[in-house]
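Reviewing the structure listed below.
Protein chains: 2
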Amino acid sequence: MSKRSDSHDATKARLLFAAGEEFARVGFGAASVRAIVDAAGANVSAVKYHYGSKTDLYLAVWEFAAKQMVSSEPMPVVEDFDDPRQALRRFIAWFMRLVLTESEEHPWAGQLLAHETVSPTPGALDVFVANCAGPIKDEIARIVKKIIGRPARGKTLDDLVFAVVALCVNPKHSREILIKLGHPPPTTRAAINRMAGVMADFAISGLDGFVAEEDR
Amino acid sequence: MSKRSDSHDATKARLLFAAGEEFARVGFGAASVRAIVDAAGANVSAVKYHYGSKTDLYLAVWEFAAKQMVSSEPMPVVEDFDDPRQALRRFIAWFMRLVLTESEEHPWAGQLLAHETVSPTPGALDVFVANCAGPIKDEIARIVKKIIGRPARGKTLDDLVFAVVALCVNPKHSREILIKLGHPPPTTRAAINRMAGVMADFAISGLDGFVAEEDR
DNA sequence: GGAAAGCTGAAACGTGTGTTTGAAACCCGA
DNA sequence: TCGGGTTTCAAACACACGTTTCAGCTTTCC
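Protein chains in written order, with the working numbering: chain A, 1 to 216; chain B, 217 to 432.
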């Protein structure tokens, strides 16, 4: 809108990117405003001027990351006529790329997501669940339901849905441990796709076991 | 050793328990010494006097929690003649009880473990991996190897091992999200065992898929 | 050219942190 | 009862945090 100097938008953008990097690296609580503005080559007052507060800056980062997420590779939606196993395979690959990919289309989305999942920022949790975690869970639930056939009884269906989620997100959550154990999570697109294939095989076989059980 | 008053050991113990509760609740970084000593009804200088520093107190909490862990229910070790599927079922049940159980034999172990997994405390990560994460991973690897039969090629075996781990620990890691999504992780022993049964079925079926694949 | 708006800079504010100090209070053995 | 080691306490330390202030600079518009 403004025809003013580029410096406004430039500083604001540098601030956003530096904040994204820092928030993704250490999470909201542990990130320091001074570290962010130093990385951005700006002054502390800039965050107040351009965004209002550290919290508002964090929300702006989330908004940006979410926008990048959906624009770079939208969530695959399973059609009714699709083979649900193939759909699950596609969805897991997409999900793991979303979570694990670094320094590509959405540099910090996965890491932000991991931090927010494990220790949610009060005030950001609800919007995160509504825009991100909720839709993903619903889509997986649809696919799992189609694979199993009839609805599993009680909480078992939800357990299975979150089991699939666990396979996708755990490499990110347990990143430091996995590195220490000599099995760092993949970062390149090819390696992520390979691992996603293994997880999809594992999940499909696992769910097929419940089909058989239900049909006994 | 000292035959002095109980107040020494009493304060020291109250400090340890209050610290355990706080560290488990918010993690090492976010926990404040003042909150701990307030909960313990002690003075700030008590942590220096009895433990040396906040970090040393944290290590003492870990040591205590680890001791409680192994004493209350030791890790099941699979024998060579055991049915590996049954062994996996037992192990998953034990692991999930370890991670999810609250306010019972080991009140904070699971939560400490979750925090340390996701955002490790520098200096405590190595001892945690050596004493806790490493042995668990090795035991699961043994069982998985026996189920699959011949070793899967490349990184696939490790992927499957950590897939099993993911099923067990994710309910704890994603706790807040799961609550928001209306599917809080179980806390009672019976509910944990039920969920562990589902996860074991899922894992065994999933791994059996790789047996078939390998034998093709 | 001058005034107004936009933007940045250094410094300080208030609060919270982990840690340290040194003097009281306490307890126990002699 | 006294002395000496043991344990507590309030106070302050130095530092880091997010936030605020306001002077000074730049840019834009009339």
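For every residue, glycine included, the Cβ atom is placed at its ideal position computed from N, Cα and C.
These figures come from a predicted structure and were not determined experimentally.
Return helix, strand or coil for Ala46 of chain A, following the three-state DSSP convention.
-> Taking the first residue of the first sequence as position 1, residue 46 of chain A is located at position 46. Ala46 of chain A: helix per DSSP, three-state reduction.
Residue closest to Ala141 of chain A, alpha-carbon to alpha-carbon, out of A:Leu100, A:Thr156, A:Arg189 | The residue you call residue 141 of chain A lines up with position 141 of the first sequence. Out of A:Leu100, A:Thr156, A:Arg189, A:Thr156 has the C-alpha closest to the C-alpha of Ala141 of chain A.
Proximity of Phe202 of chain A and Leu160 of chain A at Cβ, strictly below 9 Å | Counting from 1 along the first sequence, the entry for residue 202 of chain A is found at position 202. Counting from 1 along the first sequence, the entry for residue 160 of chain A is found at position 160. No, the pair does not count as a contact, with Cβ atoms beyond the cut-off.
Interface residues of chain A facing Phe378 of chain B [CB-CB closer than 8 Å] | To locate residue 378 of chain B, count along the second sequence from 1; it is residue 162. Here the neighbours are Asn170, Pro171, Ser174, Leu178, His183.
What do you reckon, are the CB atoms on Met75 of chain A and Pro135 of chain A nearer than 9 Å?
-> Residue mapping note: residue 75 of chain A aligns to position 75 of the first sequence, counting from 1. Residue mapping note: residue 135 of chain A aligns to position 135 of the first sequence, counting from 1. The answer is yes: Cβ separation under 9 Å.
Helix, strand or coil: how does DSSP classify Tyr51 of chain A here?
-> Counting from one through the first sequence, the residue named residue 51 of chain A turns up at place 51. Coil at Tyr51 of chain A, not helix or strand.
Which of the residues in the segment 134-149 of chain A, read from start to end, lie with their CB under 8 Å from any CB of chain B?
-> From the segment 134-149 of chain A, only Gly134, Lys137 have a Cβ closer than 8 Å to chain B.
Helix, strand or coil for Lys283 of chain B per DSSP?
-> To locate residue 283 of chain B, count along the second sequence from 1; it is residue 67. Reduced to three states, the DSSP call for Lys283 of chain B is helix.
Please name the residue in B:Asp225, B:Phe378, B:Glu318, B:Ala330 whose C-alpha comes closest to that of Gly422 of chain B.
-> Taking the first residue of the second sequence as 1, we reach residue 422 of chain B at position 206. If we check each option's Cα against that of Gly422 of chain B, B:Phe378 comes out closest.
Exposed unless 16 or more other CB atoms sit within 10 angstroms - verdict on Thr220 of chain A | Given a span of 1 to 216 for chain A in the structure shown, any question on residue 220 of chain A remains unanswerable.
Neighbour flag for Ile308 of chain B against chain A, beta carbons, 9 Å | The sequence position of residue 308 of chain B within the second sequence is 92, counting from 1. For Ile308 of chain B, the answer is no, since every Cβ of chain A falls outside 9 Å of its Cβ.
Taking Cβ to Cβ, would you say Thr117 of chain A is nearer than 9 Å to Ala133 of chain A?
-> Within the first sequence, numbered from 1, the residue matching residue 117 of chain A stands at position 117. Within the first sequence, numbered from 1, the residue matching residue 133 of chain A stands at position 133. Contact: yes.
Close-in-space but distant-in-sequence residues of the same chain around Leu100 of chain A (CB under 7 Å, 5 per side omitted) = By one-based count along the first sequence, residue 100 of chain A stands at place 100. Cβ within range, chain order: Gly110, Pro171, Lys172, Pro185, Pro186, Thr187, Ile192.
Step through the CB atoms of chain B and report whether any lies within less than 9 Å of the CB of Thr117 of chain A.
-> Mapped onto the first sequence, residue 117 of chain A falls at position 117. Interface residue, yes.
Supposed contact pair Ser72 of chain A and His115 of chain A - C-beta distance, whole angstroms, cut 8 Å | The residue given as residue 115 of chain A occupies position 115 in the first sequence. The residue given as residue 72 of chain A occupies position 72 in the first sequence. Going by Cβ atoms, the distance from His115 of chain A to Ser72 of chain A rounds to 20 Å, so no, they are not a contact pair.
Classify Glu21 of chain A as buried or exposed, calling it buried when 16 or more other Cβ atoms lie within 10 Å of its own Cβ.
-> On the first sequence, position 21 is the one that residue 21 of chain A refers to. Classification of Glu21 of chain A: buried, given that the 10 Å Cβ count is 16 or more.
Just the chain B side, please: which residues come within less than 7 Å of Pro120 of chain A by C-beta, in chain order?
-> The residue you call residue 120 of chain A lines up with position 120 of the first sequence. The contacting residues are Glu392.
Could you tell me whether the Cβ of Phe23 of chain A comes closer than 9 Å to any Cβ of chain B?
-> In the first sequence, counting from the first residue as 1, residue 23 of chain A sits at position 23. Chain B contact via Cβ: absent.
Quick one: does Ile252 of chain B have its CB under 9 Å from some CB of chain A?
-> In the second sequence, counting from the first residue as 1, residue 252 of chain B sits at position 36. With 9 Å as the cut-off, Ile252 of chain B does not count as an interface residue toward chain A.
Under 7 Å from the C-beta of Ser421 of chain B: neighbouring residues of chain A = Within the second sequence, residue 421 of chain B is the residue found at index 205, counting from 1. Residues of chain A passing the Cβ test: Ser205, Gly206, Asp208, Gly209.
Helix, strand or coil: which one does DSSP assign to Arg405 of chain B?
-> Start at 1 with the first residue of the second sequence, and residue 405 of chain B comes out as number 189. Helix.
Under the rule that 16 or more other beta-carbon atoms within 10 Å means buried, what is Gly209 of chain A, buried or exposed?
-> For this step, residue 209 of chain A is matched to residue 209 along the first sequence. With 16 or more other Cβ atoms within 10 Å, it is buried.
Could you tell me whether any Cβ in chain B is nearer than 9 Å to the Cβ of Val165 of chain A?
-> Locating residue 165 of chain A in the first sequence gives position 165, where the first residue counts as 1. At least one beta carbon of chain B lies nearer than 9 Å to the beta carbon of Val165 of chain A.
Under a three-way DSSP split, which group does Leu329 of chain B fall into?
-> Position 113 of the second sequence holds residue 329 of chain B. Three-state result, Leu329 of chain B: helix.
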